[in-house]
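J.: Quick note: the sequence shown uses the working numbering, first residue 341, plus one each step.
Even for Gly, the Cβ is constructed at its ideal location relative to N, Cα and C.
Values in this document were obtained by computation on a predicted structure and should not be read as measured data.
Take this structure, written in structure tokens, and hold onto it; I'll ask about it next.
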Amino acid sequence: MSSTDSNITPHLHGLRRGPASAAVLVLHGGKVASTDRAQPWQLSAVRMVPFTRDLRRAAGDDTVVTQLQYRYRGWNGSDRSPVRDAQWACDRLVEAYGPNVSITVVGHSMGGRAAAAIAGHPRVVAVAALAPWWPDGTETDTMRAGQKLLVLHGTVDRWTDPVASRAATERASARGVDATFVAMRGAGHFMLRSPRAWSSRVREFVLDQSRKVSSTKPE
341 MSSTDSNITP
351 HLHGLRRGPA
361 SAAVLVLHGG
371 KVASTDRAQP
381 WQLSAVRMVP
391 FTRDLRRAAG
401 DDTVVTQLQY
411 RYRGWNGSDR
421 SPVRDAQWAC
431 DRLVEAYGPN
441 VSITVVGHSM
451 GGRAAAAIAG
461 HPRVVAVAAL
471 APWWPDGTET
481 DTMRAGQKLL
491 VLHGTVDRWT
501 DPVASRAATE
511 RASARGVDAT
521 FVAMRGAGHF
531 MLRSPRAWSS
541 RVREFVLDQS
551 RKVSSTKPE
């Protein structure tokens, strides 16, 4: 299957009718390289469903929570396939909810890399990266001063590097990003240990962004 197959399109789950001033974009993980089609039943996607559902339950009527289904399973080198899909999703959210919608991106593993890559989108205000795959160390350089960044990484992760994540978080903080790194003690890459601790931190972070948006709305 070619990575340029124009018949394959991403899909944004959770779009709804009606106004919203804040939006959440959930990005799942994937593979280093694969042009196999991404499917919603694959483990990388299923892993983020509890986060998406939890955020939907907690969010107010003014916040829409979506989860992106990529075209392909892999990052795919310079193609950066999930980045293109995530950029499309941000544009779709702006189209659906207006040019002032504030977007918080939540990404796991490869999704954390894609989340950082799209942080330069003008409507992205915050990024939560869970066990992010940040091999270069410069992934957070896309973020602007004043944006919010939360990074959660298990201390025994063997798939992605918590030391690199901490360094990238500190790098962002030095550039004026409001960045926080949390070491999830004893946790591995797939967030199976103390899953409620992961979800509660993400929920608190996302709801904080939504409250800030609501507080700045005109009466």
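Could you spell out where the alpha helix (DSSP H) holding residue 550 opens and where it closes?
T.: On the sequence shown, position 210 is the one that residue 550 refers to. Note, residue 550: alpha helix (DSSP H), 535–555.
J.: Cβ atoms of residue 494 and residue 531: under 9 angstroms apart, would you say?
T.: Mapped onto the sequence shown, residue 531 falls at position 191. Mapped onto the sequence shown, residue 494 falls at position 154. Yes, these two residues count as a Cβ contact at 9 angstroms.
J.: Any idea if residue 394 is buried or exposed, counting beta-carbon neighbours within 10 angstroms, 16 or more meaning buried?
T.: As a first step, residue 394 must be located in the sequence shown, where it is residue number 54. Using a 10 angstroms sphere on the CB of residue 394, the tally of other CB atoms reaches 16 or more, which defines it as buried.
J.: With DSSP as the reference, please indicate the residues paired to residue 442 in a beta bridge.
T.: Here residue 442 is taken as the residue at index 102 of the sequence shown, counted from 1. DSSP links residue 442 through a beta bridge to 362.
J.: Under 9 angstroms, do residue 404 and residue 392 count as touching if we go by C-beta distance?
T.: Here residue 404 refers to the residue found at position 64 when the sequence shown is read from its first residue. Here residue 392 refers to the residue found at position 52 when the sequence shown is read from its first residue. Not a contact, by the Cβ cut-off of 9 angstroms.
J.: Since residue 436 contacts residue 355 with CB under 8 angstroms, what's their CB separation in whole angstroms?
T.: Looking up residue 436 in the sequence shown gives position 96. Looking up residue 355 in the sequence shown gives position 15. Confirmed, about 6 angstroms.
J.: Give the DSSP-derived three-state secondary structure of residue 412 in the structure shown.
T.: The residue you call residue 412 lines up with position 72 of the sequence shown. Three-state DSSP puts residue 412 in a strand.
J.: Throw me the rounded Cβ distance for the residue 362 and residue 402 pair, which I believe falls under 8 angstroms.
T.: The residue you call residue 362 lines up with position 22 of the sequence shown. The residue you call residue 402 lines up with position 62 of the sequence shown. The pair is a contact, with the Cβ atoms about 6 angstroms apart (cut-off 8 angstroms).
J.: Could you pull the start and end residues of the beta strand (DSSP E) that residue 286 belongs to?
T.: With the chain covering only 341 through 559, there is no way to say anything about residue 286.
J.: What does residue 407 pair with, by DSSP beta-bridge criteria?
T.: As a first step, residue 407 is located in the sequence shown; it is residue number 67 there, counting from the start. According to DSSP, residue 407 bridges with 353, 366.
J.: Assuming residue 498 and residue 529 make a contact with CB atoms under 8 angstroms, what is their CB distance in whole Å?
T.: On the sequence shown, position 158 is the one that residue 498 refers to. On the sequence shown, position 189 is the one that residue 529 refers to. At roughly 7 angstroms, the Cβ-Cβ gap stays under 8 angstroms, so residue 498 and residue 529 are in contact.
J.: Extract the residue ranges of the beta strand (DSSP E) inside the stretch 486–528, only unbroken runs of 3 or more that lie entirely within it.
T.: 488–494, 518–524
J.: To the nearest angstrom, how far is it from the Cα of residue 342 to the Cα of residue 546?
T.: Numbered from its first residue, the sequence shown carries residue 342 at position 2. Numbered from its first residue, the sequence shown carries residue 546 at position 206. Any reading at residue 342 must be qualified, since the residue scores a pLDDT of 42, below 50, and its modelled position is unreliable; no value is offered.
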